[in-house]
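Trainee: In my numbering, the protein residues as written are 87 to 476.
Glycine included, every Cβ here is placed at the ideal spot set by N, Cα and C.
Since the structure is predicted, the reported quantities are computational estimates derived from the model, not experimental observations.
Below: one structure in structure tokens.
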Amino acid sequence: MSLMRISNNVYNVGVLAPLVRKSGLDKNCKYGTAYNSYFIDDKKTALIDMVYGEYTGDFLYSLGLVADIGAVDYLILNMVHPQQAGSIEKFLQVSPGTVIVCCEGAKKILDNILNMPYNCVVVNNGDRLKLGKSILEFICCENIPSPDSMCTYFENDCVLFSGNMFSTDFCDPKGIDEELAYEKEYFEELESCFNYYLSSYKSGVKNIINTLQSKQVYYIAPAKGLVVMDRVKGLFESYCKWCTANKEKTAVVLYASASGCTRKMAETIYSEFKINGINTQLINMQTATPQQCAVMLSNASYIAAGSCTINKGLPSCVWNTLSEINGIANDNKLFFTFGSYGWSGEGTDLLCARLLQSGMKRICEPIKACMNPTEEITERLKNAVVNLLE
87 MSLMRISNNV YNVGVLAPLV RKSGLDKNCK YGTAYNSYFI DDKKTALIDM
137 VYGEYTGDFL YSLGLVADIG AVDYLILNMV HPQQAGSIEK FLQVSPGTVI
187 VCCEGAKKIL DNILNMPYNC VVVNNGDRLK LGKSILEFIC CENIPSPDSM
237 CTYFENDCVL FSGNMFSTDF CDPKGIDEEL AYEKEYFEEL ESCFNYYLSS
287 YKSGVKNIIN TLQSKQVYYI APAKGLVVMD RVKGLFESYC KWCTANKEKT
337 AVVLYASASG CTRKMAETIY SEFKINGINT QLINMQTATP QQCAVMLSNA
387 SYIAAGSCTI NKGLPSCVWN TLSEINGIAN DNKLFFTFGS YGWSGEGTDL
437 LCARLLQSGM KRICEPIKAC MNPTEEITER LKNAVVNLLE
């Protein structure tokens, strides 16, 4: 990214990463991404957020255009990722007097990823830092989505450095939403990131949004993706919409079927939910992405999950879905498992064990059918739905 001035004395010295196609292990980035870092120039200077380690050289070059990189007073971390360890370490080697400012949860993570002495100030919700004329306020995000998360509000220029909030895996050459050519794709990716990182914490996110909306915000400057100037209101409205709790009881029936027999069981369950007036989604794990399955599961009130058995285990599409399950978001949800088999039938047991491990509560033992479900098995499936709803 070429150096970008955001407001009177705020610059983005981050980097564009248009070729990135994965965030972490699983999150797809079909539009690339941008790793942002912001410099505030005042009597005392501050960096907010940090790029990933492989981009340190480009970051230091951009920073050097507007700052004495050996004399930055503060590095404010709204979030901490292990991928930032290399860039933080190299930056502190260049500017050893810099004081890191973060919340308590971030300090614990930094201690373990840096493994070196460093100057640090831990801040709490509502604390302020004066740089000269500039005043920064810290808004801790209460474990949303992790203990290291916070936002920083720059009241002089009305800039919200939002950290994880409003971040997107979206790369645009301008780095800002002014004259944005792909608005539809941007908001789709914004929702995708919300679903992937924040959908399990809707109540908490809504509380944070209420706090942020009470402030005057002209710019939203997230840790990743576009800086937003023209669509600030649209971002707040979108987050409020996605955070709105659905009071209607809903169900999801997830299944993977090799020969069609498990699918028949899933269709029986789906029909029984519908007969009982429950808004239900029937999802084939072989065609939906693991992330889609996990989001639907976390949003559902009732869960029925089924799988065939392949070589005494589960097919890869089921394992991939199970790897996406958020144990915190799904704690104490009620479920049951089902599945057809030809020889041994361990798949259904493994599926049940993983859901139990994630904190859910089963209402009955796994329901298994050797090949096509009999009338007795069909009745057991219907009864399981009734028991689940009770």
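#1: At 4 residues or longer, and completely inside the segment 144-198: list those alpha helix (DSSP H) runs for me, N to C.
#2: Can you give me the C-alpha to C-alpha distance between Q179 and C450, rounded to a whole angstrom?
#3: Rounded to whole angstroms, what is the Cα-Cα separation between T434 and R214?
#4: What residue from V338, K360, S387 has the CA that sits closest to I369's CA?
#5: Report the residue ranges of all alpha helix (DSSP H) runs contained in full by the segment 311-358; include only those spanning at least 4 residues, in chain order.
#6: Taking C226 as the reference, give the member of V209, N242, S402 with the closest Cα.
#7: Going by DSSP in three states, L400 sits in which element: helix, strand or coil?
#8: By Cβ distance, which residues of its chain are closer than 8 Å to T366, with the 5 residues on each side in sequence left out?
#9: Output the distance between the C-alpha atoms of C115 and F256, rounded to the nearest integer angstrom.
#10: Quick check: the segment 310-324 against the segment 384-399, are there 3 or more CB pairs under 8 Å?
#11: Tell me the DSSP secondary structure of R107 in three-state form.
#12: Find out if the Cβ-Cβ distance for the pair F247, M236 is shorter than 7 Å.
#13: R448 and F424 - do their beta-carbons sit closer together than 7 Å?
#14: Should D258 be labelled buried (16 or more other beta-carbon atoms within 10 Å of its own) or exposed?
#15: Could you check whether the segment 268-281 touches the segment 96-107, counting it as contact only if at least three pairs of C-beta atoms, one from each stretch, sit closer than 8 Å?
#16: Can you tell which of C347, A192, N406, L161 has the C-alpha that lies nearest to the C-alpha of A374?
#17: Run the CB neighbour count on C438, radius 10 Å, all protein chains shown included, and call it buried at 16 or more, exposed below.
#18: Spatial neighbours of T254 within its chain, please: C-beta separation below 6 Å, excluding the five flanking residues on both sides.
#19: Please determine if the segment 164-174 and the segment 192-206 are in contact, where contact requires at least 3 C-beta pairs separated by less than 8 Å.
#20: Who are the Cβ neighbours of C347 in its own chain at under 8 Å, not counting the five residues just before and after it?
#21: From the DSSP output, read off the bridge partner residues of M446.
#22: For my contact list, P168 and I134 are in at a C-beta cut-off of 8 Å; report their separation, rounded to the angstrom.
#23: What do you reckon, are the CB atoms on A342 and M371 nearer than 7 Å?
#24: Name, in chain order, the residues that DSSP records as bridge partners for V96.
#25: When you compare the segment 278-295 with the segment 136-154, are there three or more beta-carbon pairs, one atom per stretch, that lie closer than 8 Å?
#26: Using only CA atoms, which one of M446, L284, A380, E410 lies nearest to F252?
#27: I believe C188 touches V158 by the beta-carbon criterion, under 8 Å. Please report the beta-carbon distance rounded to the nearest angstrom.
#28: Does DSSP classify N293 as helix, strand or coil?
#29: So, under 8 Å CB-CB, S220 and I126 are touching, yes? Tell me the CB distance rounded to an integer number of Å.
Mentor: Well, looking at it:
#1: 171-180
#2: 58 Å
#3: 53 Å
#4: V338
#5: 318-329
#6: V209
#7: coil
#8: T336, A337, V338, V339, Y356, F359, K360
#9: 7 Å
#10: no
#11: coil
#12: no
#13: no
#14: buried
#15: no
#16: N406
#17: buried
#18: E275, L276, C279, G311
#19: yes
#20: C394, S426, A455, M457, N458, P459
#21: According to DSSP, M446 bridges with nothing at all.
#22: So it is not a contact: roughly 19 Å between Cβ atoms.
#23: yes
#24: S93, I126
#25: no
#26: L284
#27: Incorrect: roughly 15 Å between the Cβ atoms, too far for contact.
#28: helix
#29: 6 Å
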